[in-house]
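Student: In the numbering used here, the protein residues as written are 11 to 270.
Just so it is clear, CB atoms sit at the ideal spot from N, CA and C, and this is done for glycine as well.
First the structure, then my questions, so here it is.
Below you can see the structure in the form of structure tokens.
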């Protein structure tokens with residue numbers, strides 16, 4: 011079979027709070043209100059192409075999974091408890107053509123920038139196209155849920171203690187957004203997975219997100235986030251090896267005895 015070549019050039023990038031694949035939510039609905047900004051390349055009249063987009067409430071964003079270099083015929087989705095699935099029956103990023111598709115809520119359109127909510131992709135993902143979400147054409151209420159119907163995994167409730175809430179607010183004020191990636195990871199449960207670095211010790215556990223450690227307790231189908239700790243050890247902080255943000259955080263919030 012001879013097929014014509016299909017070559018696409020990015021029209022911009024999307025800025026998100028997620029710098030690594032482990033941080034990003036698995037789906038837009040799991041991202042909640044995670045903010046992002048679509049930035050288009052100047053010099054191509056994309057300002058005109060964005061005209062009237064602000065009359066819609068949601069958009070489809072087509073983008074590249076630019077960190078994935080290889081595809082996999084079968085994958086292990088985070089929600090699957092029954093083993094591997096064919097990649098075309100999943101939303102996995104490990105595809106022959108690494109194209110992502112997400113529905114995002116439009117906040118504002120200004121110049122070459124589109125501010126959105128509900129991002130679930132990696133920061134600086136190349137953007138291929140933008141289309142309006144048309145409810146009467148795009149929504150299919152009677153659509154089936156495929157293998158998920160036979161392999162259900164209801165989301166776990168994620169709760170916060172006053173301490174963890176205060177720590178997250180302190181980090182957010184300094185440009186570190188951890189609440190959304192923590193929620194996305196723990197909503198899938200306390201079990202370790204290829205997408206989640208979790209260590210368990212009975213009802214207590216620790217989730218690793220880059221250089222942060224999240225201590226949680228397993229309740230009745232809920233996970234309570236007890237506190238946040240830096241991933242740097244005391245010796246690294248004392249020696250100046252740890253970044254200044256982590257040193258200041260450790261000074262304000264001394265680490266508890268929790269697994270690292």
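Where does residue 81 fall in DSSP's three states?
Tutor: Coil at residue 81, not helix or strand.
Student: Going by beta-carbon coordinates alone, are residue 71 and residue 140 separated by less than 8 Å?
Tutor: Taking 8 Å as the Cβ cut-off, residue 71 and residue 140 qualify as a contacting pair.
Student: Measuring alpha carbon to alpha carbon, tell me which residue in 253, 85, 254 and 218 is nearest residue 237.
Tutor: Residue 218 is the option with its Cα nearest to residue 237.
Student: Expressed to the nearest angstrom, what Euclidean distance is found between the alpha-carbon atoms of residue 296 and residue 199?
Tutor: The first residue shown for the chain is 11 and the last is 270, placing residue 296 beyond what the model contains.
Student: Helix, strand or coil: which one does DSSP assign to residue 251?
Tutor: If DSSP states are grouped into helix, strand and coil, residue 251 belongs with coil.
Student: Mind checking which residues open and close the beta strand (DSSP E) that includes residue 86?
Tutor: From DSSP, residue 86 is part of no beta strand (DSSP E); its letter is neither H nor E.
Student: Which of the three DSSP states, helix, strand or coil, is assigned to residue 268?
Tutor: Because residue 268 sits at a pLDDT of 39, beneath the cut-off of 50, its placement in the model cannot be relied upon, and the point is left open.
Student: Between 76, 121 and 185, which lies nearest to residue 62 when the distance is taken from Cα to Cα?
Tutor: If we check each option's Cα against that of residue 62, 121 comes out closest.
Student: What's the C-alpha gap between residue 268 and residue 69?
Tutor: Note on residue 268: pLDDT 39, under 50, position unreliable in the model; no value is reported.
Student: Say whether chain C places a C-beta atom closer than 8 Å to the C-beta of residue 16.
Tutor: Reference to chain C is not applicable here, since this structure consists of a single protein chain.
Student: Taking residue 136 as part of the beta strand (DSSP E), name the residues at either end of that continuous run.
Tutor: Where residue 136 is concerned, the enclosing beta strand (DSSP E) stretches over 135 to 142.
Student: Can you give the Cα-Cα distance for residue 270 and residue 260, rounded to whole angstroms?
Tutor: In this prediction, residue 270 has a pLDDT of 40, which is less than 50 and means its spatial position is unreliable; what the coordinates show is noted afterwards. The straight-line gap from Cα to Cα measures roughly 15 Å.
Student: To the nearest whole angstrom, what separates the beta carbons of residue 102 and residue 85, a pair I think is in contact under 8 Å?
Tutor: Between residue 85 and residue 102 the Cβ distance is about 4 Å, and since that is below 8 Å, they are a contact.
Student: Is it the case that the Cβ atoms of residue 49 and residue 22 are separated by a distance below 8 Å?
Tutor: Yes. Within cutoff.
Student: Can you round the beta-carbon distance between residue 45 and residue 81 to whole angstroms, since I take them to be within the 8 Å contact cut?
Tutor: Not quite, the Cβ-Cβ distance comes to about 30 Å (not below 8 Å), so this is no contact.
Student: Sort 156, 263 and 248 by Cα distance to residue 175 and report the nearest one.
Tutor: Nearest of 156, 263 and 248 to residue 175, Cα basis: 263.
Student: Please check the pair residue 227 and residue 214, which I expect to be a contact at CB under 8 Å, by giving their CB distance rounded to whole angstroms.
Tutor: Yes, they are in contact, since the Cβ atoms of residue 227 and residue 214 sit about 6 Å apart, within 8 Å.
Student: Give me, in chain order, the residues of the same chain whose beta-carbon lies closer than 8 Å to that of residue 65; leave out the 5 immediate sequence neighbours on both sides.
Tutor: Closer than 8 Å at the Cβ level, and outside the excluded window around residue 65, lies no residue.
Student: Could you say which of 15, 245 and 74 lies nearest to residue 138 if we only look at CA atoms?
Tutor: Nearest of 15, 245 and 74 to residue 138, Cα basis: 74.
Student: Could you tell me how far apart the beta carbons of residue 19 and residue 133 are, in whole angstroms, since I believe they sit closer than 8 Å?
Tutor: In fact, because the Cβ distance is near 20 Å, the residues do not count as touching under 8 Å.
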